[in-house]
Amino acid sequence: MAISHLFHLLLVLVIARSLAPTNANLEGDALYALRRAVKDPGHVLQSWDPTLVDPCTWFHVTCDSDNRVTRLDLGNAKLWGNLVPELGKLERLQYLELYMNNLVGPIPEELGHLKSLVSLDLFHNNLTGSIPSSLSGLSNLTFLRLNSNRLSGRIPRELSKLGNLKILDVSNNDLCGTFPTSGSFSKFSEESFKNNPRLEGPELIGFVRYDVGGGCN
Ligand SMILES: *[C@@H]1O[C@H](CO)[C@@H](O)[C@H](O)[C@H]1NC(C)=O
Ligand SMILES: *[C@@H]1O[C@H](CO)[C@@H](O)[C@H](O)[C@H]1NC(C)=O
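Numbering (our numbering), first residue to last: -8 to 208.
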């Protein structure tokens, strides 16, 4: 009787283990949410098979030695549609390259969860809404290129806290108000901000509060 109980217990353990979620394809699911949200007339996402254990063999996806996604290279890929908040689940993502597509709608604030991000390249799309202030938490962010979209609103002042930022381009949008000149922003010239007809110029420190006025409402 003891032996049959033991056997029973083992059987229960084996079944429980096989039913437990493995988390193996959490990142694949996040990427697949993007695939579902966009039109892909060039079939660049055709290899994205959600039944595989991880997305590391998918084209345009790069993983590290732990099979975690570190790069998404989909520049100039003829994608049409929306970015998805699920992208914020790619904890080890360093390069998010989605420039020169026809992406529309907002930049999900969840991209502020991508703590490893080094490069956020969303230039030359049709993105709208404002630049999420959540991006200011991305301490390793070095390249932030959002130029040539239809982004509006103020440039979040918190972005000047991005200590590793080397390249910033928000030109050719519909941003308004003034732009920060302190912190990492002290090294950027007006080139980074040009062709935003409603953007007034650098902030005047100590003169007016950053978030008032400026024809931005
Ligand atoms: C943005 O949308 C306009 C029309 O809505 C279109 O003419 C233009 O080509 C689009 N830009 C990009 C980069 O897709
Ligand atoms: C930021 O970069 C440094 C140096 O490459 C690295 O050691 C660190 O893990 C990175 N931080 C995150 C959150 O990825």
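Each residue gets a CB set at the ideal place from its N, CA and C atoms; glycine is no exception.
Supposed contact pair residue j and residue i - C-beta distance, whole angstroms, cut 8 Å
i	j	result
R59	E18	7 Å
S183	L159	5 Å
E149	S127	4 Å
L81	A21	6 Å
S110	Y86	5 Å
Endpoints, alpha helix (DSSP H) assigned at residue i
i	result
E18	17 to 28
Start and end residues, beta strand (DSSP E) containing residue i
i	result
R62	60 to 64
P193	190 to 193
L108	Element bounds for L108: n/a, residue is neither H nor E.
C47	No beta strand (DSSP E) contains C47, which DSSP labels as neither H nor E.
N73	71 to 73
T169	168 to 170
F134	134 to 136
N93	93 to 96
Y86	86 to 88
D160	158 to 160
Residue-level contact to chain B via CB, residue i, 8 Å cutoff
i	result
L25	Absence of chain B from the displayed structure is noted, only one protein chain being present.
Cβ-Cβ distance between residue i and residue j below 8 Å
i	j	result
V166	R189	Reading off the sequence shown, one finds Leu at residue 166, where the question assumed Val. Result yes, Cβ atoms of L166 and R189 sit closer than 8 Å.
T61	L84	yes
N67	N93	no
N138	F114	yes
W49	S38	yes
V75	H51	no
L132	L153	yes
F134	K106	no
With 16 other Cβ atoms within 10 Å as the buried cut-off, status of residue i
i	result
S173	exposed
N155	exposed
G168	buried
T13	With a pLDDT of only 49 at T13, under the threshold of 50, the placement of this residue in the model should not be trusted; the figure read from the coordinates follows. Exposed, because fewer than 16 other Cβ atoms sit within 10 Å of the Cβ of T13.
D112	buried
R210	Examination of residue 210 is not possible in this model, given that the chain is present from -8 through 208 alone.
L195	exposed
S151	buried
P46	buried
V161	buried
V44	exposed
heavy atom of ligand 4 below 7 Å from residue i C-beta
i	result
N131	Ligands displayed in this structure: ligand 1 and ligand 2; ligand 4 is not among them.
Counting pairs of beta carbons, one from the region 69 to 76 and one from the region 119 to 127, are three or more of them closer than 8 Å?
no
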